[in-house]
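Encoded as structure tokens, the structure appears first; notes follow it.
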Amino acid sequence: MRNKEDSGSSFDLFLDTICNTFGGIVFLAILLAIMIQSRSIIETNDPSERAPSSDELRDLTTKLDSLSAESSNLHAALQALPETEPTGDDQEYLDLRNELSEYEETLRQVSSTRSDVAKQLANLLDRNAKQKEENRDVQTSHSAAMKRYKAAERRNSALFESKMMTLQLPKVQSSRAGSELALVDRSYGYFSGPIALFSGVSSTGQIRFTQQDSGSWGVEPIVGEGWELARLQENPEFQKLLGDIASSRKILTIAIWPNSYADFHILRGLLIEKGVSYQLWLMEKDQPLTLSRGSGTQMVQ
């Protein structure tokens with residue numbers, strides 16, 4: 003009677019050991035799968051939110067493999083036990099055996115999931131590394147573009163300053179004979195008539211004078227108010243203006259831009275015909291004109 007009871011107790015202890023072992027294996031497997039799936043690749047300074055390191059994953063995998071091997075050995079030992087006909091007292095054993103089968107199936111699924119999750123984790127790490135490299139390339143390209151922009155800005159500033167040099171004509175004449183100004187731009191002529199700088203606009207309404215900090219005056223044509231060079235011959239206002247200049251023995255100072263060189267012969271012929279003296283200032287493309295007042299005469303810079 004005692005031998006039977008000792009044998010039953012040993013067998014129950016053996017079953018408890020097997021169940022506890024499989025329970026621990028399944029718990030660790032599920033915990034490992036949840037840890038891998040729930041971690042992201044986002045970088046953070048919070049230790050509780052960081053992704054598991056490769057060493058941690060390796061340790062957990064080693065433990066899982068060890069427990070899996072132990073489970074296989076226990077399963078083999080269980081299979082080696084002699085088959086016995088279950089009795090009413092063995093119902094708990096049968097329930098535990100069914101539960102063990104369920105644990106084994108869960109372990110198989112978790113092992114398969116672990117392999118898939120490990121592959122996904124490797125892919126995410128690779129994409130994250132590539133994205134970081136692309137970000138560095140973008141920053142490098144942006145820095146290079148900014149350097150090129152600054153260099154171009156400096157070149158443009160230097161070019162602009164070189165074009166703003168002050169240019170000065172000699173005095174019109176040693177006497178106090180006056181001079182009138184004409185601007186020839188885009189095949190139109192703009193004539194000042196008697197120059198009155200402080201009025202801001204010439205008496206003809208064709209030229210605008212703007213006072214500058216240096217004391218000189220910026221000169222620019224009023225677009226739409228000039229006379230077309232091709233029609234000067236038939237323009238009575240222009241004919242009267244030339245007559246006034248000739249009778250007062252004034253000189254016509256003409257600033258002409260490159261876009262009107264080809265049409266200057268029209269104006270030149272009319273000036274010669276009326277006996278009007280003139281002098282030319284050849285401007286560069288888009289070059290501004292500045293006018294200064296001398297002590298006894300006028301100068302064009």
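Each residue of the sequence shown is one higher than the last, beginning at 3 in the working numbering. Even glycine gets a Cβ: it sits at the ideal position worked out from N, Cα and C.
Residue i, DSSP secondary structure in three states
i	result
Gln289	coil
Asp128	helix
Ser189	coil
Pro223	strand
Pro172	Any reading at Pro172 is ruled out, since the residue's pLDDT is 37, under 50, leaving its predicted position unreliable.
Arg178	Because the pLDDT at Arg178 is just 40, under 50, the model does not fix this residue reliably, and the point stays unresolved.
Thr206	coil
Ser250	coil
Ser294	strand
Asp18	helix
Asn100	helix
Glu45	Unreliable placement is indicated for Glu45, whose pLDDT of 48 sits below 50; the coordinate value is still reported in the next sentence. Note: Glu45 maps to coil in three-state DSSP.
Leu199	Annotation note: pLDDT 49 at Leu199 (below 50); position unreliable, coordinate value reported separately. Reduced to three states, the DSSP call for Leu199 is helix.
Limits of the beta strand (DSSP E) - the one that residue i falls within
i	result
Ala257	Ile253 to Ile258
Ser218	From DSSP, Ser218 is part of no beta strand (DSSP E); its letter is neither H nor E.
Leu282	Ser279 to Leu284
Spatial neighbours of residue i in its chain, beta-carbon cut-off 6 Å, leaving aside the 5 residues before and after
i	result
Leu69	Ile27
Lys276	Leu244 and Ala248
Thr115	Ala35
Lys287	Pro260
Ser74	none
Met285	Ala257 and Trp259
Nearest neighbour of residue i, chosen from the options [CA to CA]
i	options	result
Leu76	Gln122, Ile20, Thr108 and Arg157	Ile20
Phe240	Asp67, Gly191 and Leu102	Gly191
Ile256	Gln214, Asp187 and Gln235	Asp187
Gly271	Arg233, Ala82 and Leu126	Arg233
Thr108	Phe29, Ala71, Lys132 and Ala147	Phe29
Leu254	Tyr263, Ser189, Trp283 and Ser73	Trp283
Leu34	Arg156, Leu66, Pro238 and Phe24	Leu66
Gly226	Asn158, Thr206 and Ser216	Thr206
Gln214	Ala120, Gln141, Asp61 and Pro290	Pro290
Val278	Phe266, Ala160, Arg251 and Lys152	Arg251
Phe266	Gln208, Leu185, Pro238 and Asn237	Leu185
Arg60	Ser117, Asn137 and Glu101	Ser117
Leu62	Ser103, Ala153, Ala120 and Ala78	Ala120
Distance between beta carbons of residue j and residue i, contact taken as under 8 Å
i	j	result
Gly195	Thr292	The pair is not a contact, with the Cβ atoms about 19 Å apart (cut-off 8 Å).
Ser218	Ser294	5 Å
Tyr263	Leu273	Not really, about 16 Å apart at Cβ, beyond 8 Å.
Leu231	Leu183	About 16 Å separates the two Cβ atoms, so there is no contact after all.
Tyr95	Leu17	6 Å
Glu72	Thr23	6 Å
Ile224	Gln235	With a Cβ gap of about 23 Å, Ile224 and Gln235 do not count as contacting.
Ile32	Val112	6 Å
Delimiting residues of the alpha helix (DSSP H) encompassing residue i
i	result
Arg270	Phe266 to Lys276
Same chain only: Cβ atoms within 7 Å of residue i, ignoring 5 sequence neighbours per side
i	result
Glu135	none
Glu222	Arg210
Trp229	Tyr190, Gly191, Asn237 and Phe240
Leu80	Ile20
Residues near residue i in its chain [Cβ-Cβ closer than 8 Å; skip 5 each side]
i	result
Asp14	none
Glu101	Cys21
Ser216	none
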